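Enquirer: First the structure, then my questions, so here it is.
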Amino acid sequence: MHYDKSIKAYEKAQNVIPGGVDSPVRAFKSVGGTPLFIKKGEGAYLFDVDHNRYVDYVQSWGPLIFGHANKTIEKAVIKAVKKGLSFGAPTKAETKLATLICSLFPEIDKVRFVSSGTEAVMSAIRLARGFTCKDDIIKFEGCYHGHSDSLLVQAGSGAVTFGTPSSPGVPADLTKHTLLAKYNDIKSVKECFKHSKNIACIIIEPLAGNMGFVPADAKFLEELRVLCDKHGTLLIFDEVMSGFRASLKGAQGIYTTVPDLVTFGKVIGGGMPVGAFGGRAEIMNKLSPDGPVYQAGTLSGNPVAMAAGLASLEQIIEDEELYIRLEKKAKRLVEGLKEAAQVSGISLQVSAIGSMFGFFFNDAPVKNFEDALKSNTTCFAAFHQGMLREGFYFACSQFETGFISDAISDEMIEETIEAAIKVFEEIA
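First residue of the sequence shown? That's -7 in this note's numbering, and the numbers climb one at a time after it.
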């Protein structure tokens, strides 16, 4: 394959866009090479500006559960666009999509739509603080909840630390209210409660997708629920990535723990920019205009995004075998990768739930961010580059999650495994 046009496009972009990209991971810094500039997507495939074709295991980082340019979603979007791109006023589509989401989650009485996952999480945390009248929050090392100031913190030493900014431009006065705990380690969470009596919420990705794919232990989530109930703290599930991806009910279709608030994104927009957060009425009623907690957005509930989301979710609900097919493909993929790696003497840790999957070039199972950081990122970069040459597009970081779309066939999975055998042999 050649990438001449992508190289030229990247050089041109760097003149007018910081780093040449609008989201840092796209720059391919951790895997080397030039980021691919995409011309179009079609079903399971991406096509770059050099006319190279790739089986896509990123799927726009999750939302495209039916693949690129799904005809049903496309038709719904075009119909909505013809009526207007944005009104900044209520539409029936918002109510219809909210009703659909609430009907699937007994603990969610009301939903507020926003325009991104970052906005959904930021708003949910503000609501939790307003509802509990407390200031501190607990997050977990390696969990990413968007780039709002109070969540951009780095880990310190010891079992618990008040967060310090991990990005210039973030005031320490904001992040001092963020306590860091260790994923799948309940002792570290208990230490946080010893450190502060002012904790408004615990926010967690129950299926972590931003340290690589790391599912939470069921017992760990249950213990978080007990701690929250004991201390008058809200439990927030960040399901921006896993919602309608891991199962019809996201992580809540896999675990028994019930959160107080849930954040959504990705799939509920069918590929359009959208996010949402929801919970039981007594909490959600604290939002303006009913309550004192302010949150607003001109593009919230955008009619085109609502149309895309409805078209996506309605297809999901109608297809009772969807997640069975997706998980079967995801498990076959990671098991095939693991077997291929073993043949070449390479240690690979794998996992898959629903349509989400991940793998680490690591000698031991990965249960938290500390474990993930022990992975061989040099091997991952070589694997990524090799698979691109073979026509397979994986997430461009060891610390990201992969996604299966319904457009990916069993034959494509087998072709991916065959290509991986070749790439692993090169790496070895």
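In this text, a Cβ means the ideal position worked out from N, Cα and C, and glycines have one as well. Keep in mind the model is a prediction, meaning the values are calculated, not measured.
In whole angstroms, what is the alpha-carbon distance linking W53 and G201?
Expert: Each residue's Cα considered, the two are about 10 angstroms apart.
Enquirer: Restricting to Cα atoms, I'd like to know which of K102, A112, R18 and F205 is closest to G289.
Expert: Ranking K102, A112, R18 and F205 by Cα distance to G289 puts A112 first.
Enquirer: Pull up the distance between the alpha-carbon of T225 and that of P251, whole angstroms please.
Expert: Roughly 11 angstroms separates the two Cα atoms.
Enquirer: Over the uninterrupted alpha helix (DSSP H) stretch that includes S367, give me the two end residues.
Expert: Unbroken run through S367: none, as it is neither H nor E.
Enquirer: So, for V13: in the same chain, excluding its five sequence neighbours on each side, which residues have a beta-carbon less than 8 angstroms away from its beta-carbon?
Expert: Around V13: A5, A19 and P27.
Enquirer: How far does the beta strand (DSSP E) with V103 in it extend, from its first residue to its last?
Expert: Note, V103: beta strand (DSSP E), K102 to V106.
Enquirer: Considering only DSSP beta bridges, list what G54 is partnered with.
Expert: In DSSP, G54 forms no bridge with anything.
Enquirer: Beta-carbon within less than 8 angstroms of F416's beta-carbon, same chain only, minus the 5 sequence neighbours each way: which residues are those?
Expert: These residues qualify, in order along the chain: A332, A333, V335, S336, I338 and F375.
Enquirer: State the CB to CB distance for the pair L219 and F185, rounded to an integer number of angstroms; the pair is presumed to be in contact (CB under 8 angstroms).
Expert: Contact holds; Cβ gap of about 6 angstroms.
Enquirer: Quick one: grab the DSSP three-state call for Q244.
Expert: The answer is helix: DSSP assigns Q244 an H, G or I state.
Enquirer: Starting from the C-beta of M422, find all residues in its chain whose C-beta is less than 6 angstroms away, skip the five residues before and the five after it, and write them out in chain order.
Expert: Only positions -7 to 420 of the chain appear in this structure, which leaves residue 422 out of reach.
Enquirer: Can you tell which of K74, V206, T170 and L325 has its C-alpha closest to the C-alpha of A192?
Expert: When only C-alpha atoms are compared, the closest one is T170.
Enquirer: Work out the CA separation of K366 and I419 for me, nearest whole Å.
Expert: So the two alpha carbons sit approximately 18 angstroms from each other.
Enquirer: Which stretch, first to last residue, makes up the beta strand (DSSP E) that contains A1?
Expert: Run containing A1: none in the beta strand (DSSP E); it sits in the alpha helix (DSSP H), D(-4) to A5.
Enquirer: Among E313, G350, Y315 and I345, which one has its Cα closest to the Cα of K330?
Expert: Comparing Cα-Cα distances from K330 to each of E313, G350, Y315 and I345, the minimum goes to G350.
Enquirer: Whose C-beta lies closer than 7 angstroms to the C-beta of S239 among residues of the same chain, with five residues either side of it excluded?
Expert: The answer, listed in chain order, is G245, I246, Y315 and G346.
Enquirer: Can you give me the start and stop residues for the alpha helix (DSSP H) that Y315 sits inside?
Expert: Element bounds for Y315: L314 to V335.
Enquirer: Drop a sphere of 10 angstroms on the beta-carbon of S142, count the other beta-carbons inside from all chains shown, and report buried for 16 or more, exposed for fewer.
Expert: Counting Cβ neighbours within 10 Å, S142 comes out buried, since at least 16 surround it.
Enquirer: Quick check: the Cα distance between A151 and D127, rounded to an integer number of angstroms?
Expert: Its pLDDT being 30, under 50, A151 is placed unreliably in this model, and the coordinates cannot settle the point.
Enquirer: What separation, rounded to the nearest whole angstrom, lies between the Cα atoms of I309 and A164?
Expert: Distance between the alpha carbons of I309 and A164 is about 44 angstroms.
Enquirer: Taking the straight line between their C-alpha atoms, what separation do you get for L302 and A411?
Expert: About 37 angstroms.
Enquirer: So what's K31 in DSSP terms, helix, strand or just coil?
Expert: Looking at K31 - three-state DSSP - the assignment turns out to be strand.
Enquirer: Please classify M348: does DSSP put it in a helix, a strand, or coil?
Expert: Three-state DSSP puts M348 in a strand.
Enquirer: Count Cβ pairs between the stretch 320 to 327 and the stretch 84 to 91 that sit closer than 8 angstroms; are there 3 or more?
Expert: The stretch 320 to 327 vs the stretch 84 to 91: no contact.
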